[in-house]
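Peer 1: In this note's numbering, the protein residues as written are 16 to 348.
For each residue, glycine too, the CB sits at the ideal point set by N, CA and C.
All of these numbers come straight from a predicted model, not from anything done at the bench.
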Ligand code: ACO
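1) Would you mind sorting residue 32 into buried or exposed? The rule is 16 or more other CB atoms within 10 Å of its CB.
2) Mind listing, in chain order, the continuous beta strand (DSSP E) runs of no fewer than 3 residues lying wholly within the stretch 261–348?
3) State the Cα-Cα distance for the pair residue 63 and residue 270, rounded to the nearest angstrom.
4) According to DSSP, residue 129 sits in a beta bridge with which residue or residues?
5) Taking 8 angstroms as the threshold, find out whether the stretch 217–226 comes into contact with the stretch 187–198 through three or more Cβ pairs.
6) For residue 91, which of 29, 52 and 111 has the nearest alpha-carbon?
7) Are residue 148 and residue 161 closer than 8 angstroms when you measure CB to CB?
8) Distance check for residue 304 and residue 335, CA to CA, integer angstroms please.
9) Grab me the residues of residue 279's own chain with a C-beta within less than 6 angstroms of its C-beta, minus the 5 sequence neighbours each way, in chain order.
10) Can the beta-carbon of residue 297 be found less than 8 angstroms from the beta-carbon of residue 273?
11) Please report the straight-line C-alpha distance between residue 22 and residue 139, rounded to a whole angstrom.
12) Could you say if the stretch 64–75 and the stretch 175–193 meet the contact criterion of at least three C-beta pairs nearer than 8 angstroms?
13) Please list, in chain order, all residues of the same chain as residue 235 whose beta carbon is under 7 angstroms from its beta carbon, the five residues on each side excluded.
14) What runs of the beta strand (DSSP E), each 3 residues or longer, lie entirely inside the stretch 178–210?
15) Bridge partners of residue 89, per DSSP?
16) How would you label residue 184, buried or exposed, when you count the other beta carbons within 10 angstroms and need 16 or more for buried?
17) State the start and end residues of the unbroken beta strand (DSSP E) segment that holds residue 33.
18) Would you call the CB atoms of residue 244 and residue 281 closer than 8 angstroms?
19) Since residue 62 is in the alpha helix (DSSP H), which residue starts that stretch and which ends it?
20) Could you say which of 232, 210 and 266 lies nearest to residue 246 if we only look at CA atoms?
21) Identify which residue in 254, 51 and 277 has its Cα closest to the Cα of residue 202.
22) Out of curiosity, what's the CA-to-CA distance linking residue 302 and residue 112?
23) According to DSSP, is residue 41 part of a helix, a strand, or is it coil?
24) Do residue 178 and the ligand ACO come close, with the Cβ less than 7 angstroms from some heavy atom?
25) For residue 154, which residues of its own chain have a beta-carbon under 8 angstroms away from its beta-carbon, when the five flanking residues on both sides are left out?
26) Which two residues bound the contiguous beta strand (DSSP E) that contains residue 158?
27) Between the C-alpha atoms of residue 118 and residue 348, what's the straight-line distance to the nearest angstrom?
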């Protein structure tokens with residue numbers, strides 16, 4: 016055996032997404048809490064979001080998105096070697112949602128696990144699985160971002176309930192031939208000093224839900240929006256710049272930027288700082304709100320299927336979330 020490290024080229028062979036049918040508009044929300052379409056749209060760019068049906072879990076949405084990605088990649092479930100589900104709204108604390116997905120897909124030969132990196136999870140999964148495939152440990156991987164945030168939102172808190180939605184997005188990564196696409200560069204980062212800015216404080220071992228605190232909405236999302244906003248812009252800009260540089264690209268080479276879909280003002284600020292024109296930045300948060308780990312995965316699927324970029328184009332994905340966490344990827348499609 017040679018001492019040289021293996022470094023296979025890795026491409027995105029297929030994408031898929033799934034959004035539940037039920038639409039919750041800003042007007043609908045204005046009937047539940049003191050808010051308005053004008054406030055929500057002008058502050059965030061969100062018009063409506065999707066809400067999973069009762070009995071529809073994160074794993075169900077993940078599996079639906081995954082089937083579409085597998086179909087596009089021409090990969091049978093039985094041939095999937097690795098499944099990573101990025102989620103902060105798992106079906107159960109244990110086992111991992113990826114185990115349910117493995118069972119639902121019939122991907123019985125895949126090793127399956129979850130990662131929890133909030134909105135950054137899908138690109139964390141991309142970097143991890145890219146490295147594992149490049150090193151020769153696996154030939155393919157199914158990565159999924161899936162969230163049922165409606166189950167973890169305090170529907171009485173207008174500062175958070177207007178922001179989030181449910182959905183799932185998936186991608187198949189595999190070892191590529193030289194003339195195929197390639198994940199050119201990836202980056203991820205964490206700042207654990209800022210865990211308090213965005214979290215779900217209860218429901219874990221630090222604060223189990225008990226009969227005395229059950230009414231306190233502890234197992235719902237809590238966020239210091241203004242602080243998160245500031246960090247989001249800076250970290251996403253830095254991460255995107257890093258992968259653009261490592262991939263040897265200039266802003267004018269980028270056919271499409273696919274950012275985390277949390278807030279249109281954050282997206283506009285990133286586009287501005289990266290010197291990429293707004294028309295080359297993909298936005299769908301008006302329809303779905305912030306679907307955390309699913310958001311960039313859904314956007315990637317919609318952007319590619321809508322022709323926002325074509326084979327050979329260079330694209331940049333960039334995300335930010337609780338942790339705080341951030342990540343980016345530069346891809347030749
Ligand atoms: N409707 C009407 N008024 C509201 C609402 C609402 N839904 N929510 C808050 N307000 C009020 C506030 O009470 C406040 O009133 P006051 O001035 O009388 O106190 C006023 O509007 C301004 O509130 P701010 O919180 O200062 O509003 P801001 O302009 O910061 O916008 C927002 C809030 C949209 C949350 C913004 O801060 C944001 O997008 N932050 C980033 C979120 C993000 O990117 N998260 C990413 C990660 S998500 C994840 O990882 C799961």
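Peer 2: With the structure as the only source:
1) Its Cβ being crowded by 16 or more others within 10 Å, residue 32 is buried.
2) Runs found: 269–274, 329–336 and 340–347.
3) Between the C-alpha atoms of residue 63 and residue 270 there is a straight-line separation of about 27 angstroms.
4) According to DSSP, residue 129 shares a beta bridge with 100.
5) No: the two stretches stay apart, fewer than three of their Cβ pairs being nearer than 8 angstroms.
6) Selection 29, 52 and 111 evaluated against residue 91 yields 29 as nearest (Cα-Cα).
7) Residue 148 places its beta carbon 8 angstroms or farther from that of residue 161.
8) Straight-line Cα distance between these residues: approximately 15 angstroms.
9) Here the set comprises 60.
10) Going by C-beta atoms, residue 297 is nearer than 8 angstroms to residue 273.
11) One Cα belongs to residue 22, the other to residue 139, and the distance between them is close to 19 angstroms.
12) Taking 8 angstroms as the limit for Cβ pairs, the verdict is that the stretch 175–193 does touch the stretch 64–75.
13) Closer than 7 angstroms at Cβ, skipping near neighbours: 167, 168, 169 and 215.
14) The qualifying runs are 181–190 and 197–205.
15) Residue 89 is not bridged to any residue.
16) The C-beta of residue 184 has 16 or more other C-beta atoms within 10 Å across all chains shown, which makes the residue buried.
17) Start and end: 25–33.
18) It is a contact, given that the beta carbons lie within the stated cut-off.
19) Counting along the chain, residue 62 sits inside no alpha helix (DSSP H), nor does DSSP assign it H or E at all.
20) Here the closest residue by C-alpha is 210.
21) Ranking 254, 51 and 277 by CA distance to the CA of residue 202 puts 254 first.
22) So the two alpha carbons sit approximately 25 angstroms from each other.
23) In the displayed model, residue 41 falls within a helix according to three-state DSSP.
24) Relative to the non-hydrogen atoms of the ligand ACO, the Cβ of residue 178 comes within a distance shorter than 7 angstroms of at least one.
25) The beta carbon of residue 154 sits closer than 8 angstroms to those of 96, 148, 189 and 190, all from its chain and outside the five residues before and after it, given in chain order.
26) The continuous beta strand (DSSP E) containing residue 158 extends over residues 155–163.
27) Their Cα atoms are separated by approximately 30 angstroms.
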